[in-house]
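Quick note: to get the working numbering, add 52 to the position in the sequence shown (first position is 1). Contents: one structure, followed by commentary.
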Amino acid sequence: MADGTVVAMRDGLPENSGNDHSLTFKEPIDLAGNYIIINIGNGHYAFYAHCHTHSIKVKVGDRIKEGDAIALLGNSGNSDAPHLHFQICDAPDFFFSRGLPFVLKKYTKIAEFEQDKLPPPKDFFNAMMEEKTVISFE
């Protein structure tokens with residue numbers, strides 16, 4: 053997403069089976085599962101949550117360059133299917149920060165929620181992601 057420095061991360065929480073509805077969490081932060089928080093400058097932080105167990109390739113203090121592989125998407129924390137939860141916020145805290153708008157350089161819209169048929173894939177450039185969409189991006 054952007055160059056920055058890892059300021060927080062957690063790895064080692066198990067993957068969910070997808071059909072275990074009895075999950076319990078010891079702390080609120082456990083909802084995020086395995087996660088990484090990167091300071092991308094100007095008071096902005098990139099959050100990557102629900103990473104696959106033991107897939108995180110960075111540690112606190114590491115410098116990250118745009119395009120670096122930092123983890124695999126997973127199904128840890130409060131998740132019932134493998135996915136990446138990504139957001140930009142104004143503080144390095146999942147609960148005491150505000151989400152900020154951001155644009156993706158390029159993404160492809162591949163599906164929309166609540167539709168009976170899939171639309172044809174459509175590329176977007178330097179755009180915000182639309183609500184209720186499934187995308188692929190590099």
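Even for Gly, the Cβ is constructed at its ideal location relative to N, Cα and C. Just so we're clear, the structure is a prediction, and the values are computed from it rather than from any experiment.
Three-state secondary structure assigned by DSSP to residue i
i      : result
MET84  : Correcting the residue type first, residue 84 is Ala in the shown sequence and not Met. Residue state, collapsed to three classes: helix.
THR185 : strand
ASN94  : coil
Distance CB(residue i)-CB(residue j) smaller than 8 Å
i      : j      : result
LYS161 : PHE176 : yes
SER128 : GLU67  : yes
ALA179 : HIS137 : no
ASN91  : VAL59  : yes
ASP63  : ILE108 : yes
ILE89  : CYS103 : no
Range of the contiguous beta strand (DSSP E) that encloses residue i
i      : result
THR160 : 156-164
SER107 : Counting along the chain, SER107 falls outside any beta strand (DSSP E), and DSSP gives it neither H nor E.
Own chain residues within Cβ distance below 7 Å of residue i, not counting five before or after
i      : result
ILE81  : PHE146
ARG150 : CYS141 and ASP142
Exercise. Which ranges does the beta strand (DSSP E) cover as unbroken runs of at least 3 residues, wholly within the region 114-149, from first to last along the chain?
Worked result: Within the region 114-149, the runs of beta strand (DSSP E) that reach at least 3 residues and sit entirely inside it are, in chain order, 137-141.
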